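Peer 1:
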Amino acid sequence: MWALVGLVMWLGVSGGCGGGSDGPPFSVDTATTSPVAGIQDDTIDSSDPTERVRQMAESGAAVIRVELQWSQVAVTRPANPTDPDDPSYQWAPYDRVLDVAAANHVEVLFAVYGTPKWAADPTVTLPKQGVFDFAIRPNDPADFGAFATAAATRFAPRGVRKWEGWNEPNITLFLYPQYERKADRWVATSPRVYSDLQKSFYAGVKAAAPDAVVAGGVTAPNGDRCGTSCRVGGPKQLTKPNRIKADDFLRALDAPGLQPPMDVVSHHPYPATKPRDTTLPNRGYLDLYNLDVLTRTIDRTYLRGKKVWLTEYGFGTEAVPQYPKHFTRQEQATYIVDAFRRLRVRPRVQLMVYYFLHDHTDWKSGLLDINGAPKPGLAAFALPFAVDAVTRKAVRMVGQARAAVDRTEVQIDWKSGDSWRRLATVDTAADGTFAISVRPAKPVTLRAVWKGRGRSGGQLTWISPEVAVAALTGR
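Taken in order, the sequence shown gives residues 1103 to 1577; the numbers are from the working numbering.
1) Could you check whether Val1202 and Pro1240 sit closer than 7 Å to each other, using their CB atoms as the reference points?
2) Looking only at its chain, what residues have a beta carbon closer than 7 Å to the beta carbon of Ala1526, apart from the 5 residues adjacent to it on each side?
3) Assuming Ser1173 contacts Gly1216 (C-beta within less than 8 Å), just tell me the rounded distance between them.
4) In terms of alpha-carbon separation, which member of Val1367, Leu1390, Asn1384 lies closest to Thr1375?
5) Determine, using beta carbons only, whether Leu1277 and Ser1292 come nearer to each other than 7 Å.
6) Sort out for me which residues DSSP pairs Ser1521 with in a bridge.
7) Measure the alpha-carbon distance for Leu1405 versus Asp1326 and round it to whole angstroms.
8) If we call anything under 7 Å between Cβ atoms a contact, is Arg1167 one with Thr1413?
9) For Glu1169, which residues of its own chain have a beta-carbon under 6 Å away from its beta-carbon, when the five flanking residues on both sides are left out?
10) Three or more C-beta pairs under 8 Å: does that hold for the stretch 1469-1487 against the stretch 1426-1437?
11) Between which two residues does the beta strand (DSSP E) harbouring Glu1282 extend?
12) Candidates Gly1232, Leu1548, Tyr1304: which alpha carbon is nearest Val1315's?
13) Please state the DSSP three-state secondary structure of Glu1568.
14) So, at 6 Å on beta carbons, what are the nonlocal neighbours of Ala1484 in its own chain, with the 5 sequence-adjacent residues on each side left out?
15) Using only the alpha-carbon positions, how far apart do Ser1302 and Asn1473 sit?
16) Provide the residue(s) that pair with Gln1502 in DSSP beta bridges, ordered along the chain.
17) Which residues in the same chain have their Cβ closer than 6 Å to the Cβ of Thr1135, if we skip the five residues on either side of it in sequence?
18) Can you tell me whether DSSP reads Leu1109 as helix, strand or coil?
19) Mind checking which residues open and close the alpha helix (DSSP H) that includes Gln1174?
20) The alpha helix (DSSP H) that contains Arg1345, what's its start and end?
21) On the CB-based measure, 16 or more other CB atoms within 10 Å of its CB, does Arg1549 come out buried or exposed?
22) Taking all protein chains shown into account, do 16 or more other C-beta atoms lie within 10 angstroms of the C-beta of Ala1572, making it buried, or fewer, making it exposed?
23) Could you check if Glu1266 is buried or exposed, using at least 16 other CB atoms within 10 Å of its CB as the buried criterion?
24) What does a CB cutoff of less than 7 Å around Asp1461 pick up in its chain, not counting 5 residues either side in sequence?
25) Can you name the start and end residues of the alpha helix (DSSP H) that Thr1251 belongs to?
26) Quick one, which of Arg1541, Lys1466, Gln1502, Gly1501 has its alpha-carbon nearest Lys1495's?
27) Buried or exposed: where does Asp1235 fall if 16 or more other Cβ atoms within 10 Å of its Cβ makes it buried?
28) Assign Arg1378 to buried or exposed, taking buried as 16 or more other Cβ atoms, counted over all protein chains shown, within 10 Å of its Cβ.
29) Counting C-beta neighbours from all protein chains within 10 Å, is the total for Val1289 16 or more, i.e. buried, or is it exposed?
30) Can you tell me whether Trp1220 is helix, strand or coil according to DSSP?
31) Tell me the rounded alpha-carbon separation between Pro1218 and Thr1225.
32) Starting from the C-beta of Pro1337, find all residues in its chain whose C-beta is less than 6 Å away, skip the five residues before and the five after it, and write them out in chain order.
33) Note down the Cα distance separating Trp1193 from Pro1186, rounded to an integer number of angstroms.
34) Please report the distance separating the alpha-carbon of Phe1417 from that of Lys1466.
35) For a quick check, are the C-beta atoms of Ala1258 and Ala1310 less than 7 Å apart?
36) Roughly how many whole angstroms lie between the Cα atoms of His1370 and Tyr1456?
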């Protein structure tokens, strides 16, 4: 069992649950389901994935996102590229992931990207730094489609139904070049390149798995504010544009002759700031806190009405070169719960994948630190519990026991001095979502506690972060 050994101390929670009738009046509400919760981890395809996948399952991931890198599977050109049994293909790391995922009853989402050297456009030269070699655009998009057919042929029979075409194609880190110089202007060329890739990928997956769900877009949150018409020269002009804003990128895909097919639109809304309810002026980002921009943009294009997957979001606890924005560990926990609360009221959002499980030297948004110790954000992800709405008559609270495999019960406790007392036992929806309304005459601190069998088969205990609830006014 991998659960909360020592984590109670991280959260400042005292033991001692007992019945008590002195807590605030309450009523149990009917809970609607929440977006599907997922986690990604960077190392599971390059090592023994057993422990990492189990940890993600026991932390509440119903889906794990795995980067299926074309450049690693097809190091040499296959003779029969649509045949997964072609001897050039090296599937073994991903086979292991699927074996362990099945044992832990979690679904795999494959994000497929990365150009092999043999498939790269020979006319493109990489800059000296800042771009992965697999980011060079493919010379022939049909090669990517053939690989998609091979991958889906191999993995769809093993239950893989969720696919993403490429990763963050609006930034040079993953697709290069973004712009090309024509006369005195930088012109965005990556939307057309991506359109061709996604068309080929979509057709390739569907040829092998017609019922698969294929996402597109998969955009990074930040882009250059000058948009798609950067001029060369001038003290205030960007001379080497390398990113396109996510909404500009989607609008560019709407051009006649492009419009690549996708069943859902995927985006990575890493936060640009602490939680806020407004969009800052002169923005170059599309993050968790201005998702209205994303849905409005979608609905003004050929993608109108499409559902949304948010397949990477996270809150770093240390600055790293690629993502200097960071927060305290306690803020990370608070903001994870806040993201759950915000996304619950967005019916377009079907999936939210936290990036990622375990810190490493290049990225620090993990739920576990670099030594594997849990941060407060781990319990916040596994059992988010938050104030949802406040009226004159009640404070409505929502949460989700994400590690549960079916309908279950969650205990709500209230804090009495230094001990905790049971307030209520709440039935959940099938995905573990629950709701309760309280009517406190004085401030009260609440928490949720879930005990049960997780996807891995082990017995788990999760305790949510504490929630301070103010007294109702105007009673």
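Built from N, CA and C at the ideal position, the CB exists for glycine as well.
For clarity, every value in this text was computed on a predicted model and none was experimentally measured.
Peer 2: So, from the listed chains and residues:
1) As a position in the sequence shown, residue 1240 is number 138, starting the count at 1. As a position in the sequence shown, residue 1202 is number 100, starting the count at 1. Against a cut-off of 7 Å, the Cβ pair of Val1202 and Pro1240 comes out as no contact.
2) The residue given as residue 1526 occupies position 424 in the sequence shown. Phe1128, Val1130, Ile1514, Ile1538, listed in sequence order.
3) Mapped onto the sequence shown, residue 1173 falls at position 71. Mapped onto the sequence shown, residue 1216 falls at position 114. Correct: roughly 4 Å between the Cβ atoms.
4) To locate residue 1375, count along the sequence shown from 1; it is residue 273. Comparing alpha-carbon positions, the option among Val1367, Leu1390, Asn1384 lying closest to Thr1375 turns out to be Leu1390.
5) Residue mapping note: residue 1277 aligns to position 175 of the sequence shown, counting from 1. Residue mapping note: residue 1292 aligns to position 190 of the sequence shown, counting from 1. Taking 7 Å as the Cβ cut-off, Leu1277 and Ser1292 qualify as a contacting pair.
6) Within the sequence shown, numbered from 1, the residue matching residue 1521 stands at position 419. Ser1521 is bridged to Ser1518.
7) Along the sequence shown, read from residue 1 onward, the residue named residue 1405 stands at position 303. Along the sequence shown, read from residue 1 onward, the residue named residue 1326 stands at position 224. So the alpha carbons of these two residues sit roughly 23 Å apart.
8) Counted from its first residue, the sequence shown places residue 1167 at position 65. Counted from its first residue, the sequence shown places residue 1413 at position 311. In contact: Arg1167 and Thr1413 (Cβ atoms closer than 7 Å).
9) Translated into positions along the sequence shown, residue 1169 becomes position 67. Cβ within range, chain order: Ala1213.
10) Result yes; three or more Cβ-Cβ pairs closer than 8 Å.
11) Looking up residue 1282 in the sequence shown gives position 180. Element bounds for Glu1282: 1281-1284.
12) Here residue 1315 corresponds to residue number 213 of the sequence shown, with the count starting at 1. Val1315 has its Cα closest to that of Tyr1304, out of Gly1232, Leu1548, Tyr1304.
13) Stepping through the sequence shown from its first residue, residue 1568 is reached at position 466. Correct three-state label for Glu1568: coil.
14) For the purposes of this step, residue 1484 is taken as residue 382 along the sequence shown, with counting starting at 1. Only Ser1161, Gly1162, Arg1504, Ala1505, Trp1564 meet the Cβ criterion.
15) The sequence position of residue 1302 within the sequence shown is 200, counting from 1. The sequence position of residue 1473 within the sequence shown is 371, counting from 1. Cα to Cα, Ser1302 sits roughly 41 Å from Asn1473.
16) Indexing the sequence shown from 1 puts residue 1502 at position 400. Under DSSP, the beta-bridge partners assigned to Gln1502 are Thr1535.
17) Mapped onto the sequence shown, residue 1135 falls at position 33. Here the set comprises Ala1531, Asp1533, Thr1535.
18) To locate residue 1109, count along the sequence shown from 1; it is residue 7. Residue placement at Leu1109 is poorly supported in this model, since its pLDDT is 34, which falls under 50; the coordinates are not used for a value here.
19) Along the sequence shown, one-based indexing puts residue 1174 at 72. Looking at the DSSP string, the run of the alpha helix (DSSP H) that includes Gln1174 is 1172-1175.
20) Numbered from its first residue, the sequence shown carries residue 1345 at position 243. First-last for Arg1345: undefined, no H or E at that position.
21) The sequence position of residue 1549 within the sequence shown is 447, counting from 1. Arg1549 should be labelled buried.
22) In the sequence shown, counting from the first residue as 1, residue 1572 sits at position 470. With fewer than 16 Cβ atoms within 10 Å of its Cβ, Ala1572 is classed as exposed.
23) Within the sequence shown, the letter at position 164 stands for residue 1266. Result: buried.
24) For the purposes of this step, residue 1461 is identified with residue 359 of the sequence shown, where counting begins at 1. Cβ neighbours of Asp1461 beyond the five flanking positions: Gly1468, Leu1470, Asp1471, Ile1472.
25) As a first step, residue 1251 must be located in the sequence shown, where it is residue number 149. Run containing Thr1251: 1243-1257, per the alpha helix (DSSP H) assignment.
26) Here residue 1495 refers to the residue found at position 393 of the sequence shown. If we check each option's Cα against that of Lys1495, Arg1541 comes out closest.
27) Translated into the one-based positions of the sequence shown, residue 1235 becomes position 133. Per the 10 Å Cβ criterion, exposed.
28) By one-based count along the sequence shown, residue 1378 stands at place 276. Exposed is the call here.
29) Indexing the sequence shown from 1 puts residue 1289 at position 187. Looking at its Cβ environment, which holds fewer than 16 other Cβ atoms inside 10 Å, Val1289 is exposed.
30) For this step, residue 1220 is matched to residue 118 along the sequence shown. Taken through DSSP and simplified to helix, strand or coil, Trp1220 comes out as helix.
31) Counting from one through the sequence shown, the residue named residue 1218 turns up at place 116. Counting from one through the sequence shown, the residue named residue 1225 turns up at place 123. So the two alpha carbons sit approximately 15 Å from each other.
32) Mapped onto the sequence shown, residue 1337 falls at position 235. With a pLDDT of 48 at Pro1337, under the threshold of 50, the predicted position of this residue should be treated as unreliable, though the coordinate-derived value follows. Closer than 6 Å at the Cβ level, and outside the excluded window around Pro1337, lies no residue.
33) Mapped onto the sequence shown, residue 1193 falls at position 91. Mapped onto the sequence shown, residue 1186 falls at position 84. Approximately 9 Å, taken between the alpha carbons.
34) Your numbering for residue 1417 matches position 315 in the sequence shown. Your numbering for residue 1466 matches position 364 in the sequence shown. If I take the Cα positions, the gap works out to 8 Å.
35) Translated into positions along the sequence shown, residue 1258 becomes position 156. Translated into positions along the sequence shown, residue 1310 becomes position 208. Yes, the Cβ-Cβ distance between Ala1258 and Ala1310 is below 7 Å.
36) Translated into positions along the sequence shown, residue 1370 becomes position 268. Translated into positions along the sequence shown, residue 1456 becomes position 354. Their backbone Cα atoms lie some 10 Å apart in a straight line.
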